[in-house]
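For reference, the structure is listed below as structure tokens.
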Amino acid sequence: MAYSEKAKGFYQNELTTIRQGGLFKEERYIESPQAANITVEFPKGAAQKQVINLCANNYLGLSSHPDVVKAAHAGLDSRGYGLSSVRFICGTQDIHDELERKISEFLGMEDTILFPSCMEANAGMFEVMLDKNDAMIADRLVHASIVDGMRLCKAQLFNYKHSNMAHLEEKLQETQQCRFRLIITDGVFSMDGDIVKLDEICDLADKYDAMVMVDDSHATGFIGKRGRGTHEHCGVMGRVDVITTTLGKALGGATGGCLSSRKEIVDLCRQRARPYLFSNSLPPPVVAASIRVIELISKTTDRRDKLERNTKYFRERMIKAGLDIKEGESPIVPVMLYNAKLAQDVARDLFQEGIYVVGFFFPVVPAGAARIRTQISADHEIEHLDKAIAAFTKIGAKYNILGKKKDEVIAMYGL
Amino acid sequence: MTQSRIVKEFFQKEIQELKAAHLFKEERYILSPQSPVLTVEYPPGAPVKELLNFCANNYLGLSDHPEVLKAAAEGLKKRGYGMSSVRFICGTQDIHKELEARLSDFLGMEDTILYTSAFDANGGVFEALLGEEDVILSDELNHASIIDGIRLCKAHRHRYKHLDMADLEQCLRQSQDKRFRMIVTDGVFSMDGELARLDILTTLAERYDAILLVDDSHATGFIGPNGRGTHEHHGVMGKVDLITTTFGKALGGASGGCVSGSRVFIDVLRQRSRPYTFSNTLAPVVVAGTLKALELLGQSHKLRDKLMENTAYFRRRISEIGYTIIEGIHPIVPIMLHDAKVVQEISRELYNEGIYVIGFSYPVVPKDKARIRVQISAAHERHQLDKALELFKIIGEQFGVIRT
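Chains as they are written, first to last, in this note's numbering: chain A, 2 to 416; chain B, 20 to 423.
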């Protein structure tokens, strides 16, 4: 066997270290579709349990929406299951073109190119747009997939402090000699739920002749009055050069991502983006369902409006109950616990109470900033939210953290 | 407008240059499911045309198989459309675990981890397992996704000459000071249809204490007597440490991929592999469809055997007609024409006559090795192969590219 004992011992040791550090990620088996109420088997072999799901990116409740499921069925019937091809060989159907046009219209962009995932959109785009003559100027907290895409690109990398416009401006001044400069940011930052200051970024981009790229994965479909995203929310539609986003969260949550941009940038990505050239075309059921999703959310803002109301309701009552919430307006509502073990203990106890949430800790968030990230959905009814708030209140009281400030929690549980 | 005119003109010029160099890739709109007979609209707005398809990775004809479609529809009904989550938050269903177990059984490996695509599997496997103390020895013609995965990893790297086992052995000898060595190869090379020499590779891996990773995307489901892959073909099942493969080709062709290997490797990948940790879980419809594809392959060799018969027939007949092909057993049949312009013209003529094939030229293949890559499927019927062969003969004669 080529795989030696030495290698095996090494990797076993790594796993032990992860476990001992309390950083081991366990998976829970869900035996139902994604929804506000799900059936979970955890730990493996335990009795099935009905829980309220407060940790999906199912912001609009479309992941198992009957119209979306119906459209996926129709896609299977009319265009088959898989394409067994990349786009440019024999993997482009008429519906791929239709979805790209519908997304462009929805986002208010010139053109759109689909990818198997937003991870791959981010992995492929930088290398196409920029080379060593150029500069990438990125917020320090951008998503891992952007980080990987930038690692694959030869352009010079500059980071600015999270959402710090003065620091961004410094970097823009420092890079005046570069051919092209691209400012790179998440639209909504997934761990804190805060929204980028896109208006200020676009002003700076104009002033210094830079391009702007936004990953709106946690925004498309519900941020902004018509749910178009952070560019709508910040009043800068038409001023952002590149938007990447996902079909894997609010827009049905199956799989797939895209890049929307100026026509020539999209054209060039079709010719050169490696994940586009070397990975499969999106399967017909996903394309068909995504078209339906864009139609649904273009027609009415009902679901997006309900999500906004739910979020406001949940945020207000959690604060009133004495929980330490990161302020903001996005449906990502981080409940701060600071200590990694405390975050996991509280999540486990909440699961016993029928509330499914997950604790986040280093290295996903900075050390000493452990939290439970709750995510609100348009699928939640007020009674779901009330149950969750009651459970948080009960478990919060058990650990004596209600109404306590950051310093007091840290004094009790350590960092 | 944030984007300046200079930027716009720069990118417009890049596109024009690609067009001028005949390297611009156009997409053709297919109005039907993937199958041997396609309905195509090309160029956009042109009348709809029926074509025989010889360029899909639909090796087993499962992309539109009624059983797979039925299972996918069941999956949608029972487990919903999307999960809107990565695996470790709330994106693992019972069927994801079932698929991982079935794949491990099928490939003869200890454990399996699913990815959004084989591209992501290759993107995430190296960095999670190797560091700067290690070395990766990679065949120079490995797939782009392997190259990108290696670029994201801090390990040292050597490219050995394509299929050159002596060169690899020398690299292995020279890297004995490294903590771990990993040999990386495609199981089947997609442009030539050649198989990696896994019999020799496993021996070398043992001799020099190296980890062996094989990307079997163009093999899983049909290479080897039971279709397990190149490791079965070479009689070395159980001796390969890691296999990456795709569900996007023979296994139904929708999307998704995986890494199969020793449990401890898979455990580490679940904790650390970035595309696994940061990208969506596979959609239930794809999980259900892939489960059915594996079940069908477990029940009978029929599809695999038909594919191999079709392949042997086409390879024999196209040679008899007088074309030069790269010899082998694989349903990828490269018809060598050498000249990029001839390749383009012949594939256009074939298209006009109802045969859909794609020409490959530089930079995808070396400059004087331009070719038409034909891909055979179990879904092809004999009369469809005959029609393609006949048109290859007529058009080849017109262009004077076949031996007399």
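Glycine residues also receive a C-beta, built at the ideal position from the N, C-alpha and C atoms.
Residue from the options whose Cα sits closest to the Cα of residue i
i              : options                        : result
residue 205(A) : 110(A), 71(A), 171(A), 384(A)  : 171(A)
residue 164(B) : 264(B), 39(B), 133(B), 362(B)  : 264(B)
residue 295(A) : 11(A), 46(A), 63(A)            : 63(A)
residue 141(A) : 132(A), 293(A), 185(A), 247(A) : 185(A)
residue 393(B) : 416(B), 381(B), 369(B), 386(B) : 369(B)
residue 409(A) : 361(A), 325(A), 11(A)          : 325(A)
residue 214(A) : 252(A), 178(A), 262(A), 125(A) : 262(A)
residue 327(B) : 401(B), 204(B), 37(B), 69(B)   : 401(B)
residue 195(A) : 331(A), 152(A), 106(A)         : 331(A)
residue 387(B) : 359(B), 89(B), 302(B), 115(B)  : 359(B)
residue 180(A) : 168(A), 211(A), 153(A), 164(A) : 211(A)
residue 192(A) : 363(A), 387(A), 401(A)         : 363(A)
residue 192(B) : 224(B), 103(B), 137(B), 127(B) : 224(B)
residue 312(A) : 337(A), 372(A), 117(A), 378(A) : 378(A)
residue 255(B) : 372(B), 227(B), 127(B), 187(B) : 127(B)
residue 100(A) : 283(A), 240(A), 19(A)          : 283(A)
residue 164(A) : 149(A), 403(A), 135(A), 197(A) : 197(A)
Buried versus exposed, by CB contacts within 10 Å (16 or more), residue i
i              : result
residue 437(B) : Residue 437(B) cannot be examined here, being either before or after the span of chain B that is shown, 20 to 423.
residue 112(A) : buried
residue 419(B) : exposed
residue 85(B)  : exposed
residue 319(B) : exposed
residue 342(B) : buried
residue 25(B)  : exposed
residue 58(A)  : buried
residue 68(A)  : exposed
residue 147(A) : buried
residue 44(A)  : exposed
Own chain partners of residue i with C-beta closer than 6 Å, once the 5 adjacent residues on each side are dropped
i              : result
residue 242(B) : 248, 249, 252
residue 414(A) : 340, 343
residue 94(A)  : 80
residue 304(B) : 91, 94, 95
residue 214(B) : 207, 249
residue 285(B) : 130, 132
residue 302(B) : 101
residue 224(A) : 230, 231, 234
Where residue i falls: helix, strand or coil (DSSP)
i              : result
residue 400(A) : coil
residue 65(A)  : coil
residue 234(A) : helix
residue 47(A)  : coil
residue 351(B) : strand
residue 411(B) : helix
residue 337(B) : helix
residue 384(B) : coil
residue 219(A) : coil
residue 198(A) : coil
residue 98(B)  : helix
residue 335(A) : strand
residue 56(A)  : coil
residue 68(B)  : strand
residue 30(B)  : helix
residue 128(A) : helix
residue 20(B)  : For residue 20(B), the predicted structure reports a pLDDT of 45, less than 50, and the residue's modelled location is therefore unreliable. A value from the coordinates is still provided. Looking at residue 20(B) - three-state DSSP - the assignment turns out to be coil, as it is neither helix nor strand.
Close-in-space but distant-in-sequence residues of the same chain around residue i (CB under 7 Å, 5 per side omitted)
i              : result
residue 220(A) : 188, 189, 230, 231
residue 294(B) : 134, 135, 139, 142, 143
residue 2(A)   : Because residue 2(A) sits at a pLDDT of 47, beneath the cut-off of 50, its placement in the model cannot be relied upon, and the point is left open.
residue 47(B)  : 59, 61
residue 389(A) : 53, 55, 356
heavy atom of the ligand GDP below 7 Å from residue i C-beta
i              : result
residue 349(B) : In the structure on display, the ligand GDP does not appear, and there are no ligands present to speak of.
Own chain partners of residue i with C-beta closer than 8 Å, once the 5 adjacent residues on each side are dropped
i              : result
residue 133(A) : 155, 156, 157
residue 201(B) : 145, 148, 149, 153, 154, 155, 156, 174, 229, 230, 231, 232
residue 96(A)  : 76, 80, 285, 288, 289, 292
residue 216(B) : 182, 184, 253
residue 340(B) : 408, 411, 412, 415, 421
Legend entry - Completely contained beta strand (DSSP E) runs for the stretch 151-199 of chain B, where each covers 3 or more residues: Taking only runs of at least 3 residues, the beta strand (DSSP E) segments lying wholly in the stretch 151-199 of chain B are 154-158, 175-179.
Legend entry - Inside the stretch 70-103 of chain A only - alpha helix (DSSP H) runs reaching at least 4 residues: 88-91
Inset, instruction - Could you pull out every unbroken beta strand (DSSP E) segment of at least 3 residues lying fully inside the stretch 285-326 of chain B, listed in chain order? - result: none
Legend entry - Those runs of the alpha helix (DSSP H) which lie wholly inside the stretch 261-348 of chain A and span at least 4 residues: 264-273, 275-279, 285-300, 303-321
Legend entry - Segments assigned beta strand (DSSP E), at least 3 residues, entirely inside the stretch 88-150 of chain B: 130-134
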